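There are 2 protein chains.
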Amino acid sequence: MNIEVEQDVMEVNRAYAADNRLLFRKYGLLTVNIMGSPGAGKTALLEHMLKYMQQHLKVAVIEGDLATAKDARRIAALGVNVIQINTDGGCHLDAKMIARVLPGFYLEDIDLLLIENVGNLVCPAAFDLGEDMRMVVMSITEGGDKPSKYPSAFMTADVVALNKMDILEHTDIDLEQTCADILQINPEALIFETCCRKGEVRGVDILADQLIARVKEKRKAAR
Amino acid sequence: MNIEVEQDVMEVNRAYAADNRLLFRKYGLLTVNIMGSPGAGKTALLEHMLKYMQQHLKVAVIEGDLATAKDARRIAALGVNVIQINTDGGCHLDAKMIARVLPGFYLEDIDLLLIENVGNLVCPAAFDLGEDMRMVVMSITEGGDKPSKYPSAFMTADVVALNKMDILEHTDIDLEQTCADILQINPEALIFETCCRKGEVRGVDILADQLIARVKEKRKAAR
Chain A
1 MNIEVEQDVM EVNRAYAADN RLLFRKYGLL TVNIMGSPGA GKTALLEHML KYMQQHLKVA
61 VIEGDLATAK DARRIAALGV NVIQINTDGG CHLDAKMIAR VLPGFYLEDI DLLLIENVGN
121 LVCPAAFDLG EDMRMVVMSI TEGGDKPSKY PSAFMTADVV ALNKMDILEH TDIDLEQTCA
181 DILQINPEAL IFETCCRKGE VRGVDILADQ LIARVKEKRK AAR
Chain B
1001 MNIEVEQDVM EVNRAYAADN RLLFRKYGLL TVNIMGSPGA GKTALLEHML KYMQQHLKVA
1061 VIEGDLATAK DARRIAALGV NVIQINTDGG CHLDAKMIAR VLPGFYLEDI DLLLIENVGN
1121 LVCPAAFDLG EDMRMVVMSI TEGGDKPSKY PSAFMTADVV ALNKMDILEH TDIDLEQTCA
1181 DILQINPEAL IFETCCRKGE VRGVDILADQ LIARVKEKRK AAR
């Protein structure tokens, strides 16, 4: 019986995700589902990508958190349209939560919708939000064994950002082995090395350029 | 209907947790449920606590992971009795998983059972395993906003280890504010500052002494 209900939950989610996807296609906007552990640096990476991309694209953001609107305030401070979803303890965003907040945006005015999921390297990966792309942000301080120990998130990631590269020398991570492990789980993954600490921002523009290129591809396909 | 079934799952878990707790009381052993994000440093902290505690106590370990037996191998290398539970993608340990592996130990020979949960700062907190104590391990590289953004884990923690203190100067965390935030969520929490990198191990003995004291208390109460 438990299993049946779980299938129900997943079926409901798939239906909402399909609706979201249709809506995103209708308005020709690209959507990215951003996942990673708490403290991987997702919001900081978002902030710096937004600063760079704002010149090129109209971007909007959905922030998923258990509690507080701290992340949404950081994004709003950049003048970016943002909606915060608080899951009230829930461990992931689902497609219905996204569907519910979409009317809060003028979708026709958006090129790129970035969705920052709840900080959790496990559960979010199981829930399709209707997105075009998935990005996993992993802090190198988490250690190189994380891809093989948490394969589900990496398995479906189009893009992996290895973040906090500024403190590489203060960690024991074997970067080459970590990349090999990611590519063994997911040979299609594009891996970027980033850091976005005050005074030391690296790799963010290259990652943002990748997303900008995808936005243009999707627009071209939509014509 | 979903809610009913969720209550069922929680009720089943409570029943198994109560059985586990009875068993732990019968054999007079203390159990600690160790939680934290992926890469918080739970296993490294365990390794160093075990090295210190092995002189004083008989310790056994349960390792919870989505996949691989990497952590169990690290613990076994210290000559410590360890059982690995792979959840096959599941985001937390539950009391039934623990009940199933307990026959693999000689409980009468154990003073302290350390249970390392799946790396996840959200879901494990909802599942009582029958443990006496909860420890949250948080890497200071995760940033100081984590307690307020992920309150559920901190709310029920007896002990919080702020780990990776060796790279404090390479982060932007406000340690005093972080501790204040933890104590606002949970005024009873004991906070320890630790690091356990090769060549720089600090605070682990003080934390381990705290657990050793609790083992002795429990034994005294059992008599």
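Residue numbers (my numbering), protein chains in the order written: chain A, 1 to 223; chain B, 1001 to 1223. Glycine included, every Cβ here is placed at the ideal spot set by N, Cα and C. Since the structure is predicted, the reported quantities are computational estimates derived from the model, not experimental observations.
Which parts of the segment 145-193 of chain A are runs of the beta strand (DSSP E), unbroken and 3 residues or longer, counting only runs that do not cross its ends? Taking only runs of at least 3 residues, the beta strand (DSSP E) segments lying wholly in the segment 145-193 of chain A are 159-163 and 190-193.
Identify the continuous beta strand (DSSP E) that holds L1045/B and give its terminal residues. Position 45 of the second sequence holds residue 1045/B. Residue range K1042 to M1053 is occupied by the alpha helix (DSSP H) that includes L1045/B, with no beta strand (DSSP E) assigned at that position.
Test item: CB-CB of S1139/B and T141/A under 8 angstroms: Here residue 1139/B refers to the residue found at position 139 of the second sequence. Here residue 141/A refers to the residue found at position 141 of the first sequence. Judged by beta-carbon spacing, T141/A lies within the 8 angstroms limit of S1139/B, meaning their Cβ atoms are closer than that value.
Any chain B beta carbon closer than 8 angstroms to P38/A: In the first sequence, the residue the question calls residue 38/A occupies position 38. Output row for P38/A: interface = yes.
Smallest Cα separation from G199/A: which of D1094/B, L1030/B and H1170/B? Within the first sequence, the letter at position 199 stands for residue 199/A. Measuring from the Cα of G199/A, the nearest candidate turns out to be H1170/B.
Give me, in chain order, the residues of the same chain whose beta-carbon lies closer than 8 angstroms to that of Q1054/B; leave out the 5 immediate sequence neighbours on both sides. The residue labelled residue 1054/B in the question sits at position 54 within the second sequence. So the list reads L1078, G1079 and V1080, once near-sequence residues are dropped.
So, does the segment 122-136 of chain A touch the segment 144-163 of chain A, judging by three or more C-beta pairs under 8 angstroms? Counting C-beta pairs closer than 8 angstroms gives three or more between the segment 122-136 of chain A and the segment 144-163 of chain A, which meets the contact rule.
For L1212/B and P1124/B, what's the separation of their Cα atoms in angstroms? Locating residue 1212/B in the second sequence gives position 212, counting from the first residue. Locating residue 1124/B in the second sequence gives position 124, counting from the first residue. One point to set straight first is that residue 1212/B is Ile, not Leu, in the sequence displayed. So the two alpha carbons sit approximately 24 angstroms from each other.
Spell out whether any CB of chain A is found under 8 angstroms from the CB atom of L1066/B. For the purposes of this step, residue 1066/B is identified with residue 66 of the second sequence, where counting begins at 1. Chain A, which has a Cβ nearer than 8 angstroms to the Cβ of L1066/B, makes this yes.
Across which residues does DSSP place D1065/B in a beta bridge pair? As a first step, residue 1065/B must be located in the second sequence, where it is residue number 65. Its beta-bridge partners are N1086/B.
Given a cut-off of 8 angstroms, decide if R1014/B and D1128/B are closer than it, judged by their beta-carbon atoms. Start at 1 with the first residue of the second sequence, and residue 1128/B comes out as number 128. Start at 1 with the first residue of the second sequence, and residue 1014/B comes out as number 14. Going by C-beta atoms, D1128/B is nearer than 8 angstroms to R1014/B.
Beta-carbon contacts of A153/A that lie in its chain and below 6 angstroms, excluding the five residues immediately before and after: Walking along the first sequence from the start, residue 153/A turns up at place 153. For A153/A, where only same-chain residues beyond five positions count, the Cβ hits under 6 angstroms are M35, L121, A125 and V136.
Taking D145/A as the query, report the chain B residues whose CB atoms sit under 7 angstroms from its CB, ordered along the chain. Within the first sequence, the letter at position 145 stands for residue 145/A. Annotation: Cβ neighbours of D145/A in chain B (cutoff 7 angstroms, chain order): K1070.
Cβ neighbours of M1001/B in the same chain (closer than 8 angstroms, five flanking residues each side left out): Start at 1 with the first residue of the second sequence, and residue 1001/B comes out as number 1. Interpretation of M1001/B is limited by its pLDDT of 41, a score under 50 that renders its predicted location unreliable; no figure is taken from the coordinates.
With H, G and I counted as helix, E and B as strand and the rest as coil, what does DSSP make of I140/A? As a working note, residue 140/A is residue 140 in the first sequence. Here I140/A sits in helix by DSSP.
Please identify, using Cβ separations under 9 angstroms, the residues of the segment 147-166 of chain A that lie next to chain B, in order along the chain. Under the 9 angstroms Cβ criterion, the segment 147-166 of chain A contributes S148, K149, Y150, P151, S152, K164 and D166.
Indicate the three-state DSSP secondary structure (helix, strand or coil) for G1036/B in the structure shown. Numbered from 1 along the second sequence, position 36 holds the residue referred to as residue 1036/B. G1036/B falls in the strand class under three-state DSSP.
Residue-level contact to chain A via CB, T1031/B, 8 angstroms cutoff: Looking up residue 1031/B in the second sequence gives position 31. Judged by the 8 angstroms Cβ criterion, T1031/B is not in contact with chain A.
Note down, in chain order, every chain B residue with its Cβ under 9 angstroms from the Cβ of T178/A. Looking up residue 178/A in the first sequence gives position 178. Within 9 angstroms of the CB of T178/A, no CB atom of chain B is found; the nearest one sits about 12 angstroms away.
Determine the DSSP secondary structure at V201/A, reduced to helix, strand or coil. By 1-based counting over the first sequence, the position of residue 201/A is 201. The answer is strand: DSSP assigns V201/A an E or B state.
Please compile the residues from chain B whose C-beta is within a distance smaller than 8 angstroms of the C-beta of T141/A. In the first sequence, the residue the question calls residue 141/A occupies position 141. For a Cβ distance threshold of 8 angstroms, residue set G1039, S1139, T1141, K1164 and I1167 of chain B lies close to T141/A, ordered along the chain.
Classify R74/A: buried if its beta carbon has 16 or more other beta carbons within 10 angstroms, exposed otherwise. Counted from its first residue, the first sequence places residue 74/A at position 74. With 16 or more other Cβ atoms inside 10 Å of its own Cβ, R74/A counts as buried.
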